[in-house]
Amino acid sequence: MKTIFEKSIQGKRAVQFGKINNKIIKKIDEKFLRKTEIKLPEVSELDIIRHYINLSKLNFSVDTEFYPLGSCTMKYNPKICEKLAMQKEFLNLHPFLSYIDENTVQGALEIIYEISDLLCEITGMEKITTQPYAGAHGELTGVLLMAAYHKNKGNNKKFVIIPDSAHGTNPASAAMAGYSIISIPVDKDGNMDINILKEKINDEVAGIMMTVPSTLGLFENNIKEIIEIAHKYDALMYYDGANLNAILGKLKPGEIGFDIIHINLHKTFSTPHGGGGPGSGVIGVSKKLVDFLPVPIVIKENEKFKLDFNVKNTIGSVASFFGNFQVLLKAFIYIILLGKEGLIAVSEIAVLNANYILAKLKNFYDLPYNRKCMHEFVISAKKQLKNDIRAIDIAKYLIDNKIHPPTIYFPLVVEEAIMIEPTETESKQTLDEFIEIMVKIAELSEKDPDKIKQAPEKTPILRPDETKAARELKLKCDI
Amino acid sequence: MNVKQGYFYTKDHEWVKIDAMTGKIGITDYAQHKLGDLTYVELPKIGKIVKQGEVLNGLESVKAASDVYAPLSGRVIKINTQLENEPGLINKSPYDDGWIAEIEIADENEIKNLMTADEYIKFLGESK
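Protein sequences, first through last, are from chains C and D. The C-terminal residue of the first sequence carries number 479 in my numbering, and the numbering is unbroken. The C-terminal residue of the second sequence carries number 607 in my numbering, and the numbering is unbroken.
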């Protein structure tokens, strides 16, 4: 398919502008004026409509096909959340109204207050900030809170401990906040190696960032002991909530001693994500950190919702206003819609679905850690490798079968990793179809590996050379 | 998997070739094979001081982004700028043209923490 720039024909227009008023141009400082003509595509309105409608037909989403992308929780987003959130009463609100006159936006403030309260209940944390725009932003905020806590106590902390089964963004977030990373390998069962942890932890460790269940889809069996060890050194426990979908109503991270949690609302609480979201990386904290939270916080006083800017040692704002309000709103609707029993069922079915696929695939693929999984699991294409079939080949073959590939080559601790997360919203029929295709791939890799190597054959572009694409970037437009 | 004699190795699959008080550093054939095609090499800055086992620089491949750890403590005195345009050199020639940096060795006693080629071959055999 051609790009819109390649479809450009000189002189074609979708909109006719009036003459530019030179008087206005003269008022603009020289340095802000373009020196060269802007090279926008010159197309008609119909060209634009056809171009983007045709592009949209190539979209692949949860709404079109099965999307078992491990670690991403690509569950279906109920349309009622979308519909309610798109009401004009919400759409036309400006967040600044809350700064001018709280009385005009009591409903919106109530939603922020209530979702914070609900998320505290779900995670067992003391207080919430809704500001961060996405998971990694939440992580950075969380680690900045960690740093503020230690600074306030006069602690000299330099390191953050992260097991190599943690979410991939953790080391980056800790490094951005100024810490050096101590990486801890997993033991033979897939848990963080607690003996190495004991060896490496010291008074200069600011915190431990854990993903529970880990990116191996395994529950961290020693979690209580790890928390005890951390707190002995006044290291804070950070819970990466990427995998919260596995534990709703089963475990409250705050209750077992976690100090910071980020929650990807766009994963567990079913708000749109992929292709830019918008997301939300809400942060929850334990009592120790309440005084450091970003401002403003929505509080309730005499049945009225107000903004509180007086947080003693606040790290300041990390986003404008309250973060992505629409996302908070959709998550709020989702939680209310499902209720307590519904949310517990979410995790139970998510875990059941993953274990069902795992049990069915176990005999066909290498399983690095032979344990029951949580909401996702990691298999390896090691067995297929002897016929030169790699994880990436399996991924490509799945695309031809209208299935979004699982996450591959992550976590790094598993060779030729394939990380599968079906989520609770998929039916047994869909899971069975997926299993059937995966079994077929395993069989094909023995009998006719070339068939897999040729995939995908039914896609708009055939198999791209990924190395070449990464090494030789070609910019297709020049504005 | 190719392992070169005369070099010293780390458990994280870096090599160092020691010549008097300087050490040339790269990643092993095993490491380049695991990473797959390299697409970007973030070179360390000349003058950077590293400690043994600390991050020297970063690598990106089609599969993953990962760190290279310094096999020995020291100060970076040379870097292989050819890798900026040709990261694939690490895949093609991990022990020679694909070298990453050269350091001035700070403490030769640290060499005892490294493996010889034969020890590394044994280590690779065990970790499989």
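From the three backbone atoms N, C-alpha and C, an ideal C-beta is built for every residue, glycine too.
Check whether the Cβ atoms of residue i and residue j lie closer than 8 Å to each other.
{"i": "D/G537", "j": "D/E521", "result": "yes"}
{"i": "C/G138", "j": "C/H262", "result": "yes"}
{"i": "C/I452", "j": "C/I389", "result": "yes"}
{"i": "C/I297", "j": "C/T123", "result": "no"}
{"i": "C/I208", "j": "C/S183", "result": "no"}
{"i": "C/K476", "j": "C/T36", "result": "no"}
{"i": "C/N310", "j": "C/N152", "result": "no"}
{"i": "C/K386", "j": "C/D366", "result": "no"}
{"i": "C/S173", "j": "C/A136", "result": "yes"}
{"i": "C/V282", "j": "C/N243", "result": "no"}
{"i": "D/E581", "j": "D/G526", "result": "no"}
{"i": "D/K524", "j": "D/S552", "result": "no"}
{"i": "C/R471", "j": "C/K396", "result": "no"}
{"i": "C/E42", "j": "C/S8", "result": "yes"}
{"i": "C/N353", "j": "C/L444", "result": "no"}
{"i": "D/I584", "j": "D/N559", "result": "no"}
{"i": "D/A596", "j": "D/V495", "result": "no"}
{"i": "C/I403", "j": "C/I437", "result": "yes"}
{"i": "C/S320", "j": "C/P294", "result": "no"}
{"i": "C/L307", "j": "C/I111", "result": "no"}
{"i": "C/L343", "j": "C/L248", "result": "yes"}
I want to see whether chain E comes within less than 8 Å of residue i, judged by CB atoms only; does it?
{"i": "D/A543", "result": "Structure shown: chain E not included; protein chains present are C and D."}
Could you tell me if residue i is buried or exposed, where buried requires 16 or more neighbouring beta carbons within 10 angstroms of its beta carbon?
{"i": "D/D508", "result": "buried"}
{"i": "C/D393", "result": "buried"}
{"i": "D/T489", "result": "buried"}
{"i": "C/T271", "result": "buried"}
{"i": "C/N191", "result": "buried"}
{"i": "D/G604", "result": "exposed"}
{"i": "C/I241", "result": "It is Gly, not Ile, that sits at residue 241 of chain C in the sequence shown. Buried, since its Cβ has 16 or more Cβ neighbours within 10 Å."}
{"i": "C/T268", "result": "buried"}
{"i": "C/H94", "result": "exposed"}
{"i": "C/G339", "result": "exposed"}
{"i": "C/P460", "result": "exposed"}
{"i": "C/I100", "result": "exposed"}
{"i": "C/Y76", "result": "exposed"}
{"i": "C/D203", "result": "exposed"}
{"i": "C/Y239", "result": "buried"}
{"i": "C/Q131", "result": "buried"}
{"i": "D/M500", "result": "exposed"}
{"i": "C/M86", "result": "exposed"}
{"i": "C/K447", "result": "exposed"}
{"i": "C/N170", "result": "buried"}
{"i": "C/I49", "result": "exposed"}
{"i": "C/G70", "result": "buried"}
{"i": "C/V160", "result": "buried"}
According to DSSP, what are the bridge partners of residue i?
{"i": "C/G366", "result": "It should be pointed out that residue 366 of chain C corresponds to Asp in this sequence rather than to Gly. DSSP, once it has assigned bridges, lists C/S380 as partnering C/D366."}
{"i": "D/T501", "result": "D/D498, D/E583"}
{"i": "D/R554", "result": "D/I528, D/E583"}
{"i": "C/L462", "result": "According to DSSP, C/L462 bridges with nothing at all."}
{"i": "C/T211", "result": "C/D240"}
{"i": "C/F66", "result": "C/I403"}
{"i": "D/V546", "result": "The question names Val, but residue 546 of chain D in the sequence shown is Asp. According to DSSP, D/D546 bridges with D/G537."}
{"i": "D/D594", "result": "Note on identity: in this sequence residue 594 of chain D is Met, with Asp being the wrong assignment. BP columns for D/M594 point to D/Y488."}
{"i": "D/V520", "result": "D/L538"}
{"i": "D/I506", "result": "D/E493"}
Would you say residue i touches the ligand MN, meaning its beta carbon is less than 7 Å from a heavy atom?
{"i": "C/L293", "result": "Among the components of this structure there are no ligands whatsoever, and the ligand MN is therefore not found."}
Could you please tell me which residues of the region 508-524 of chain D, in chain order, have their CB closer than 7 Å to any CB of chain C? If the cut-off is 7 Å between Cβ atoms, the region 508-524 of chain D has D516, T518 near chain C.
Which of the residues in the region 556-568 of chain D, read from start to end, lie with their CB under 8 Å from any CB of chain C? Residues of the region 556-568 of chain D with a Cβ closer than 8 Å to any Cβ of chain C, in chain order: P566, G567.
Ignoring anything shorter than 4 residues or poking outside the region 74-130 of chain C, list the alpha helix (DSSP H) runs there in chain order. Complete alpha helix (DSSP H) runs here, min 4: 79-85, 88-91, 97-100, 106-123.
Entirely within the region 290-319 of chain C and at least 4 residues each: give me those alpha helix (DSSP H) ranges in chain order. Fully enclosed alpha helix (DSSP H) runs of 4 or longer: not present.
Between the region 406-418 of chain C and chain D, which residues of the former have a C-beta closer than 9 Å to a C-beta of the latter? For the region 406-418 of chain C, the set of residues with a beta-carbon nearer than 9 Å to any beta-carbon of chain D comprises I408, Y409, F410, L412, E415, in chain order.
If we require 3 or more residues per run, which beta strand (DSSP E) segments fall completely within the region 151-217 of chain C? Contiguous beta strand (DSSP E) elements confined to the region 151-217 of chain C occur at 159-163, 180-184, 205-211, taking only those with 3 or more residues.
Jot down the residue ranges of each uninterrupted alpha helix (DSSP H) in the region 384-460 of chain C, minimum 4 residues, whole runs only, in chain order. Whole alpha helix (DSSP H) segments, 4+ residues: 391-400, 428-447, 449-454.
Which of the residues in the region 449-476 of chain C, read from start to end, lie with their CB under 8 Å from any CB of chain D? Result list: E466, T467, A470, R471.
Hey, which unbroken runs of the beta strand (DSSP E) at 3 residues or more fall wholly within the region 225-289 of chain C? Assignment of beta strand (DSSP E) within the region 225-289 of chain C, counting only whole runs of 3 or more residues, yields 236-240, 260-264, 281-285 in chain order.
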